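*Asks:* If you're matching positions, the sequence shown starts at 1 in our numbering and goes up one per residue. Note that beta-carbon positions come from the ideal geometry of N, C-alpha and C, so glycine has one too. Quick caveat, the model's predicted, so the values are computed rather than measured. Would you mind keeping the following structure in view while I ask a few things?
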Amino acid sequence: MNLAVIGSGGREHAICYKLHKSKRLKKLVCIPGNAGTESIAENINEDLKNFEGIYKIIKKKNIDIVIVGPEQPLVDGIVDYLKERSIKVFGPDKFASQLEGSKAFMKELCKKNNIPTAGYGIFDNFNDAEKFIKKNGTPIVVKADGLAAGKGVSICNSIFDAKEKTKEILNGKFKSSKKVILEQFLNGEELSYFIIVDRKSYKFFGSAQDHKRVGEGDIGPNTGGMGAYSPSKLLTNSLDEKIRKKILEPTLNAMKAYGHPYEGFLYAGLMIFKDEPYLIEYNIRMGDPECQVIMMRLETDLLNIIDCSIKNNLSDSEIKLNKKKSMTIVLCAKGYPGNYKKNSEIKNLSFVKSNENNQIFHAGTYKKNDKILSSGGRVLNICSLANTLVNARSQILDTLKKINWVDGFFRKDIGWRALENNENNKR
Ligand code: AMP
Ligand code: GLY
């Protein structure tokens, strides 16, 4: 089969890596891809807003299935566009993509279906928002309604700050958002839970824990994700059952009732408090870097899984995840998530040996004259699969020592909560 993956991050490189292992794969195209995907797929440059351009590439390359990695083209309706032109595509349609594209849509869906989530108000004017803030006090969470590349959420500890952040959103700081969501602050520990969904059924696709803050010990500004591990230490059988029955199944049923059954990967960002799950957010795709750690554990042929899903035969397919632990540490450009330098050479990558247990997935990189150069804030994902998280981490840190990049930095403490909670560090 000929497949095309849309996107250019570590998530897309990890997806390409798994597809490339399939015996059924004939041709793999990545639009636009990065220096990592270039070694296993044909990279073709195209603006992800240009659906017509993407369609032309897909026709020219005789692509059987298109897999969409990032949220923006999904929210913009790429699935609808391609399906209208008889292209098979894996991902939710524009309507269903509102689960991530509009926090107001997601919160209203929760309310109508009794899905546990933080109490909230949705506002399009400052006076009403201010009243809500004063009535509810702090801490309070202020969110932009639309996509904001991970920058649209602020946890505010003062009324002043909450009002300022609300004003910024209502004054159009994020072009995608005219509304502000004010939310009750939830205590607990976060868990990322993934499923793959077709029109008839859904299957568990792994759990993970991301590290969003830039600094060690989870301090500093939010980022797209500085590192992750899988599986999450929080997921027990009873919690799993609650997540399915109280959150996921009511959501999938609601989407069916809207006439837009969900299809594709679905990522629930959950807060776990006293063994009860609360939905913080939905993402309509795999997480990045969570995808990388789940792909390290995936034992089933990814192409078969996606092919089954496209044919609505998911219930017949088995999804096997290795019981070992996987971790990724993201090597970033100094200055990220603020300003950072681009086009800086990353040396000695060829000294790193990769195998089933150790992989580097590229994110913001490109190749020029046989050199690997940086092009983004999150640049490389160093991944390892091992019997314990401690071993996975030390393997990654060894790999990082071999890479010579003066303009890079990373967090050495990924997985610290899981490791600290376990006296023997045996996890
Ligand atoms: P979101 O983009 O909605 O996932 O929010 C980004 C991050 O903000 C989440 O991963 C949480 O760490 C935090 N967060 C969002 N909403 C809440 C909430 N209601 N209570 C506590 N933390 C939250
Ligand atoms: N790592 C968080 C996300 O992909 O949304």
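Hey, could you find the ends of the alpha helix (DSSP H) E168 is sitting in?
*Replies:* Element bounds for E168: 159-170.
*Asks:* Does DSSP put M327 in a helix, in a strand, or in coil?
*Replies:* Note: M327 maps to strand in three-state DSSP.
*Asks:* Any idea if R11 is buried or exposed, counting beta-carbon neighbours within 10 angstroms, 16 or more meaning buried?
*Replies:* R11 should be labelled buried.
*Asks:* State the DSSP-derived secondary structure class of N425, mapped to helix, strand or coil.
*Replies:* In this prediction, N425 has a pLDDT of 45, which is less than 50 and means its spatial position is unreliable; what the coordinates show is noted afterwards. Residue state, collapsed to three classes: coil.
*Asks:* Take the Cβ of K18 as the centre, count every other Cβ of all protein chains shown within 10 Å, and call the residue buried at 16 or more, exposed below.
*Replies:* K18 should be labelled buried.
*Asks:* Express the C-alpha separation of E108 and Y120 in angstroms, rounding to a whole number.
*Replies:* If you take the alpha carbons of Y120 and E108, they lie about 10 angstroms apart.
*Asks:* Does the Cβ of N348 lie closer than 7 angstroms to at least one heavy atom of ligand 2?
*Replies:* N348 Cβ: outside cutoff for every heavy atom of ligand 2.
*Asks:* Does the distance from the C-beta atom of T365 to that of S374 stay below 8 angstroms?
*Replies:* A contact, by the Cβ cut-off of 8 angstroms.
*Asks:* Using C-beta distances below 6 angstroms, list every residue in its chain close to M286, excluding the 5 sequence neighbours before and after it, in chain order.
*Replies:* Excluding positions up to five away in sequence, the list reads R11, F265.
*Asks:* Given N425, which residues of its chain have a CB within under 6 angstroms of its CB, disregarding the five upstream and five downstream residues?
*Replies:* Only weak support is given to the placement of N425: the predicted model assigns it a pLDDT of 45, under 50, and the value that follows is read from those uncertain coordinates. Only V390, L419 meet the Cβ criterion.
*Asks:* What's the C-alpha gap between E71 and F351?
*Replies:* Roughly 34 angstroms between the two C-alpha positions.
*Asks:* E42 CB to nearest chain D CB: under 8 angstroms?
*Replies:* Of the protein chains in this structure there is only one, and it is not chain D.
*Asks:* Among the residues of its own chain, which have a CB less than 7 angstroms from the CB of L321, if the five just before and after it don't count?
*Replies:* Answer for L321: G206, R297, L298, E299, listed in chain order.
*Asks:* Ligand 2 and D210: does any heavy atom of the ligand fall closer than 7 angstroms to the residue's C-beta?
*Replies:* At least one heavy atom of ligand 2 is nearer than 7 angstroms to the Cβ of D210, so yes.
*Asks:* Tell me whether F160, by its Cβ, gets closer than 7 angstroms to a heavy atom of ligand 1.
*Replies:* F160: no, Cβ never under 7 angstroms from ligand 1.
*Asks:* Using 8 angstroms as the threshold, is the segment 171-184 in touch with the segment 129-142, meaning 3 or more CB pairs across them?
*Replies:* With a cut-off of 8 angstroms, the segment 129-142 and the segment 171-184 count as touching, because enough Cβ pairs lie within range.
*Asks:* Would you list the residues sitting across from P32 in a DSSP beta bridge?
*Replies:* Answer is G7.
*Asks:* Would you check if the segment 56-69 and the segment 398-410 touch, i.e. whether three or more CB-CB distances between them fall below 8 angstroms?
*Replies:* As far as the Cβ criterion goes, the segment 398-410 does not touch the segment 56-69, which means the pair count is below three.
*Asks:* If you drop the 5 nearest sequence neighbours on each side, which residues of the same chain put their C-beta closer than 6 angstroms to that of P250?
*Replies:* So the list reads N113, I115, once near-sequence residues are dropped.
*Asks:* Note the first and the last residue of the continuous beta strand (DSSP E) segment covering F90.
*Replies:* Looking at the DSSP string, the run of the beta strand (DSSP E) that includes F90 is 88-90.
*Asks:* At which residue ranges does the segment 243-310 contain complete beta strand (DSSP E) runs of 3 or more residues, listed in the order of the chain?
*Replies:* Here the runs fully enclosed are 264-273, 276-283.
*Asks:* Would DSSP call G53 helix, strand or coil?
*Replies:* Three-state result, G53: helix.
*Asks:* Could you check whether the Cβ of A118 sits closer than 7 angstroms to any heavy atom belonging to ligand 1?
*Replies:* A118 Cβ: within cutoff of ligand 1.
*Asks:* With three or more C-beta pairs closer than 8 angstroms as the rule, is the segment 196-215 touching the segment 313-331?
*Replies:* Segments in contact, yes.
*Asks:* Between K167, K135, K173, which lies nearest to K151 when the distance is taken from Cα to Cα?
*Replies:* Here the closest residue by C-alpha is K173.
*Asks:* Tell me, to the nearest whole angstrom, how far the beta carbon of P337 is from that of P221; I am working on the premise that it is less than 8 angstroms.
*Replies:* The pair is a contact, with the Cβ atoms about 6 angstroms apart (cut-off 8 angstroms).
*Asks:* Could you pull the start and end residues of the alpha helix (DSSP H) that I396 belongs to?
*Replies:* 389-402 is the span of the alpha helix (DSSP H), which, as asked, contains I396.
*Asks:* Just tell me which of N237, I159, K246, I155 has its CA closest to the CA of R213.
*Replies:* Out of N237, I159, K246, I155, I155 has the C-alpha closest to the C-alpha of R213.
*Asks:* My understanding is that L331 touches W405, with C-beta atoms under 8 angstroms, so please give their C-beta distance in whole angstroms.
*Replies:* Correct: roughly 7 angstroms between the Cβ atoms.
*Asks:* Taking the alpha carbon of V197 as the reference point, which residue from I133, H211, L234, L314 has its own alpha carbon closest?
*Replies:* Minimum Cα distance to V197 is reached at L314.
*Asks:* State the beta-bridge partners of S97 as determined by DSSP.
*Replies:* DSSP lists no partner for S97.
*Asks:* Check whether the segment 262-277 and the segment 89-102 are in contact - that is, three or more C-beta pairs closer than 8 angstroms.
*Replies:* Output reads yes: the segment 89-102 touches the segment 262-277.
*Asks:* Using only the heavy atoms of ligand 2, determine whether one of them is closer than 7 angstroms to the beta carbon of D218.
*Replies:* Because no heavy atom of ligand 2 lies under 7 angstroms away, the Cβ of D218 does not count as near it: no.
*Asks:* Decide if I87 is buried, meaning its Cβ has at least 16 other Cβ atoms within 10 Å, or exposed.
*Replies:* When all chains shown are included, I87 counts as buried.
*Asks:* Which residue comes first and which comes last in the beta strand (DSSP E) that contains V141?
*Replies:* Counting along the chain, the beta strand (DSSP E) containing V141 begins and ends at 140-144.
*Asks:* Could you name the residues of the same chain whose beta carbon sits closer than 7 angstroms to that of K412, not counting the 5 residues immediately before and after it, in chain order?
*Replies:* Excluding positions up to five away in sequence, the list reads E216, L397.
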